[in-house]
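Residue 326 in the numbering used here is what sits at position 5 of the sequence shown, and the numbering runs on without skipping anything. Even glycine gets a Cβ: it sits at the ideal position worked out from N, Cα and C.
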Amino acid sequence: MSSVKHFQVTFDCAEPERVARFWCEVLGYVVPPPPEGFATWDDFDRSLPPADKGAWFACVDPSGVGPRLFFQRVPEGKVAKNRLHLDVRVGTGLVGEERLAVLEAECARLLPLGAERVRLLQADDENESCMVMRDIEGNEFCLD
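In structure tokens:
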């Protein structure tokens, strides 16, 4: 039997630090300390060749349980629906109006951060309600 592997989730984006800081707010993640020998991430960034400045950023779960999120600059913009998305689990175990109230409250918290509400998917015979949203660069995610 093989062991569980650690993994990170990588986002292609135009502004890595901006998107990373958005997800820090959404998930309660933090920016890890800068590499050894640098007092700040800005100091580290200034040490890089011009083409590499601002090319990537990361955030981590402060408890060490969740995956590291890595954000890398790419030249092309987003043009199609994500093939993979994050489900932000805010309504686990809740149903009906109680679940809808939690989804709406979290949506209201994220809108001022730059998130966009796409649509509410109402509960049916197989699934509970969830809310489709977009992050600050248009990547879809769900409040679930």
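Exercise for the section: Can you give me the Cβ contacts of Glu346 inside the same chain, cut-off strictly under 7 Å, excluding the 5 residues immediately before and after it? Expected result: Within the sequence shown, numbered from 1, the residue matching residue 346 stands at position 25. Here the set comprises Leu434.
Practice task
Would you check if the segment 377-393 and the segment 418-430 touch, i.e. whether three or more CB-CB distances between them fall below 8 Å?
Solution key: Touching, no.
Practice task
Starting from the C-beta of Ser450, find all residues in its chain whose C-beta is less than 7 Å away, skip the five residues before and the five after it, and write them out in chain order.
Solution key: The residue labelled residue 450 in the question sits at position 129 within the sequence shown. Cβ within range, chain order: Arg420, Leu421, Leu424, Leu441, Leu442, Gln443, Ala444.
Handout entry: Stretch-stretch touch, CB-based, cutoff 8 Å, three pairs: the segment 404-416 with the segment 366-377
Key = Three or more beta-carbon pairs separated by less than 8 Å are not found between the segment 404-416 and the segment 366-377, which leaves the two stretches without contact.
Problem - DSSP-derived helix/strand/coil call for Glu461 - result: The residue given as residue 461 occupies position 140 in the sequence shown. Residue state, collapsed to three classes: strand.
Practice task
Return yes when the Cβ of Leu464 is within less than 7 Å of the Cβ of Glu418, no when it is not.
Solution key: In the sequence shown, the residue the question calls residue 418 occupies position 97. In the sequence shown, the residue the question calls residue 464 occupies position 143. With contacts defined as CB atoms closer than 7 Å, Glu418 and Leu464 fail to qualify as a contacting pair.
Handout entry: Per-residue DSSP class, three states only, for Val347
Key = As a first step, residue 347 is located in the sequence shown; it is residue number 26 there, counting from the start. Secondary structure at Val347: helix, using DSSP grouped into helix, strand and coil.
Handout entry: Assigned secondary structure, Arg404 (DSSP; H/G/I helix, E/B strand, else coil)
Key = Here residue 404 corresponds to residue number 83 of the sequence shown, with the count starting at 1. In the displayed model, Arg404 falls within coil according to three-state DSSP, outside both helix and strand.
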